[in-house]
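Read top to bottom, the protein sequences are chains A and B. Residues 365 to 555 (this note's numbering) make up the first sequence, in order. Residues 27 to 214 (this note's numbering) make up the second sequence, in order. Reading through the structure tokens given below for one structure.
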Amino acid sequence: MKAKKRQNEPALVYAAQRGDKEALQLLLTRNWTWLKGLVYSIMGLPDQIDDCLQDICVRVIRKIDTLREPERFRPWLATLARREALKYRQHRARQPMQLDEDIAELSSGSRQQSENLEQQELCRQILKAIRSLPEKYRRVFMMQHAGDLTYGQIAEILDVPVTTVQIRLVRARRMIYNEVVNKNSKKVWGK
Amino acid sequence: MNVEMLEILIGKYLDGEITPSEQQILEAELNKDPEAEELLRQFQDLHDRSCEVVASELLGQGKTPEEIFTLAYQRQSKNPFHSIIKYRGIIRFAAGVAAGFIIGLTLHFVLPAATIQNSSVPREVFARNTNNQESPSQETSPQQLTGQTGDVVRNVDWYNFTDEQGNQWLIEGLRENIVRPAVYDGRI
Numbered sequence: 365m366k367a368k369k370r371q372n373e374p375a376l377v378y379a380a381q382r383g384d385k386e387a388l389q390l391l392l393t394r395n396w397t398w399l400k401g402l403v404y405s406i407m408g409l410p411d412q413i414d415d416c417l418q419d420i421c422v423r424v425i426r427k428i429d430t431l432r433e434p435e436r437f438r439p440w441l442a443t444l445a446r447r448e449a450l451k452y453r454q455h456r457a458r459q460p461m462q463l464d465e466d467i468a469e470l471s472s473g474s475r476q477q478s479e480n481l482e483q484q485e486l487c488r489q490i491l492k493a494i495r496s497l498p499e500k501y502r503r504v505f506m507m508q509h510a511g512d513l514t515y516g517q518i519a520e521i522l523d524v525p526v527t528t529v530q531i532r533l534v535r536a537r538r539m540i541y542n543e544v545v546n547k548n549s550k551k552v553w554g555k
Numbered sequence: 027m028n029v030e031m032l033e034i035l036i037g038k039y040l041d042g043e044i045t046p047s048e049q050q051i052l053e054a055e056l057n058k059d060p061e062a063e064e065l066l067r068q069f070q071d072l073h074d075r076s077c078e079v080v081a082s083e084l085l086g087q088g089k090t091p092e093e094i095f096t097l098a099y100q101r102q103s104k105n106p107f108h109s110i111i112k113y114r115g116i117i118r119f120a121a122g123v124a125a126g127f128i129i130g131l132t133l134h135f136v137l138p139a140a141t142i143q144n145s146s147v148p149r150e151v152f153a154r155n156t157n158n159q160e161s162p163s164q165e166t167s168p169q170q171l172t173g174q175t176g177d178v179v180r181n182v183d184w185y186n187f188t189d190e191q192g193n194q195w196l197i198e199g200l201r202e203n204i205v206r207p208a209v210y211d212g213r214i
């Protein structure tokens, strides 16, 4: 199914370049989850993500006809998204921010899914650990967990070797594990 | 097997990227080492919870992709300058060429006349040697054509020029077909 989607992507790009609005929408919605994960990993917080994604959509609509290699739509989209997200991050860096309040607020989403307080706390710690990852590890981690992408696809999008993706994922996992285990000793994973 | 290699294999297993041969190696390691088995269990739990956290953090919040795309498309359609912005490189280039052409033409027609008219040097500061008339004796004199040291002597007009600071200058200009030396009398 994934392969079929991939085969259609250049055709969709051609159609979008000819002004087909539905093709453009389909292109973006198919790549939405990893795109959102990428933007989140750069911005670090979920606020303003929708605004940033909207700006990315506007840029894609304006620039799609400049894409010369339709088969490289994903790396192109990732580059464009990275630039926009960095702009937002720089803009936000100039404004004062309270991280603790933000995390407490954001954990409410996972609170709904968690069944008890211990699990809520664990999810909150994992979220905090993900946010504290260095950006290059967070980017790979978020794309893998949000976008359901293979290592090869992540490598293609980020324009890095597959082995780099593997190593970054392993290290990201280890960093999160250490962060959470250090705070909860060995009982963290007990059920 | 070292820990990093084990973690790579566990990671590939959790992400569904493990090959059959790698899975055999991993299973052998898990059977041999209980700590490796415990590590796999813990990483599996971390992986599951991470997926939950990421899903609730990203996918359960905000607008849908369709809503965002529609908003972006409307925003884009409302921009009347989009076609201008799209071709702004070509427009800039054409405007630059046109401006250069106009400026060049203007300079071509205006500048020579302006240079003569706007000469900042007042005419009265020149004092021309109006008595520089050639005498027949000098004109025909062979000694005047060459100096005492054998240098060729050229006939010139000369001018006195006083600049804005009050300095006086002797300016010599060659005259055609008249042999007469310039003379500096040492008074300036």
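All residues carry an ideal CB built from backbone N, CA and C; glycine is no exception. Remember, predicted model here, so these are calculated numbers, not experimental data.
8 Å Cβ shell around residue i - same chain, five flanking residues per side excluded
i: A:Ala493; result: Met539, Ile540, Glu543 and Val544
i: B:Gly42; result: none
i: A:Arg431; result: Per the sequence shown, the amino acid found at residue 431 of chain A is Leu instead of Arg. Closer than 8 Å at the Cβ level, and outside the excluded window around A:Leu431, lie Val377, Gln381, Phe437 and Trp440.
i: B:Val29; result: none
i: A:Gln530; result: Tyr515
i: A:Asn372; result: none
Own chain residues within Cβ distance below 6 Å of residue i, not counting five before or after
i: A:Thr528; result: none
i: A:Met365; result: Residue confidence for A:Met365 is low, a pLDDT of 45 falling below 50, so the modelled location carries little weight; the figure read from the coordinates is stated next. Nothing meets the Cβ criterion.
i: B:Glu165; result: Here the model assigns B:Glu165 a pLDDT of 44, short of 50, so the residue's position is not dependable, and the following value carries that caveat. Contacts found: none.
i: B:Ile44; result: Lys38
i: B:Met27; result: Glu55
C-beta contact flag for residue i and residue j at 8 Å
i: A:Ile406; j: A:Leu444; result: no
i: B:Lys38; j: B:Glu48; result: yes
i: B:Glu53; j: B:Ala62; result: no
i: B:Ile94; j: A:Asp414; result: yes
i: A:Gln381; j: A:Ile425; result: no
i: A:Lys500; j: A:Arg532; result: yes
i: A:Val526; j: A:Ala519; result: yes
i: B:Leu65; j: B:Leu32; result: yes
i: A:Val534; j: B:Ile34; result: yes
i: B:Glu83; j: A:Pro410; result: yes
i: A:Gln412; j: A:Arg456; result: yes
i: B:Gln70; j: A:Val422; result: no
Burial state of residue i (16 or more Cβ within 10 Å)
i: B:Trp195; result: exposed
i: A:Gly511; result: buried
i: A:Pro498; result: exposed
i: A:Gln418; result: buried
i: A:Gln389; result: buried
i: B:Leu40; result: buried
i: A:Ser478; result: In this prediction, A:Ser478 has a pLDDT of 49, which is less than 50 and means its spatial position is unreliable; what the coordinates show is noted afterwards. A:Ser478 should be labelled buried.
i: B:Leu131; result: exposed
i: B:Val123; result: exposed
i: B:Gln50; result: exposed
i: B:Val136; result: exposed
i: B:Ala121; result: exposed
i: B:Arg118; result: exposed
i: A:Ile502; result: The sequence given here has Arg at residue 502 of chain A, not Ile. Buried.
Cut-off 7 Å between Cβ atoms - residues of its own chain near residue i, not counting five sequence neighbours on either side
i: A:Ala449; result: Val403, Ile406, Met407 and Cys416
i: A:Arg442; result: Residue identity differs from the one stated: residue 442 of chain A is Ala in this sequence, not Arg. Closer than 7 Å at the Cβ level, and outside the excluded window around A:Ala442, lie Leu402, Ile521 and Leu522.
i: B:Arg114; result: none
i: A:Ala468; result: Per-residue confidence for A:Ala468 stands at a pLDDT of 48, beneath the threshold of 50, marking its modelled position as unreliable; no derived number is given.
i: A:Arg447; result: none
i: B:Ile197; result: Trp184, Tyr185 and Phe187
task = Say whether the region 423-441 of chain A touches the region 370-380 of chain A, bearing in mind that this needs 3 or more beta-carbon pairs closer than 8 Å, one atom from each stretch.
result = The region 423-441 of chain A vs the region 370-380 of chain A: in contact.
message = I'd like the ranges of any alpha helix (DSSP H) spanning at least 4 consecutive residues and lying wholly in the region 34-118 of chain B.
response = Runs of the alpha helix (DSSP H) inside the region 34-118 of chain B: 46-58, 60-80, 91-104 and 108-112.
key: Meets three-Cβ-pair contact criterion under 8 Å: the region 71-90 of chain B and the region 488-508 of chain A   = Yes, the region 71-90 of chain B is in contact with the region 488-508 of chain A.
message = With three or more C-beta pairs closer than 8 Å as the rule, is the region 505-521 of chain A touching the region 387-403 of chain A?
response = The way I'd put it, the region 387-403 of chain A does touch the region 505-521 of chain A; three or more beta-carbon pairs between them come closer than 8 Å.
query = Which ranges would you report for the alpha helix (DSSP H) in the region 372-418 of chain A if only whole runs of at least 4 residues count?
reply = Within the region 372-418 of chain A, the complete alpha helix (DSSP H) runs of at least 4 residues are 385-394 and 396-407.
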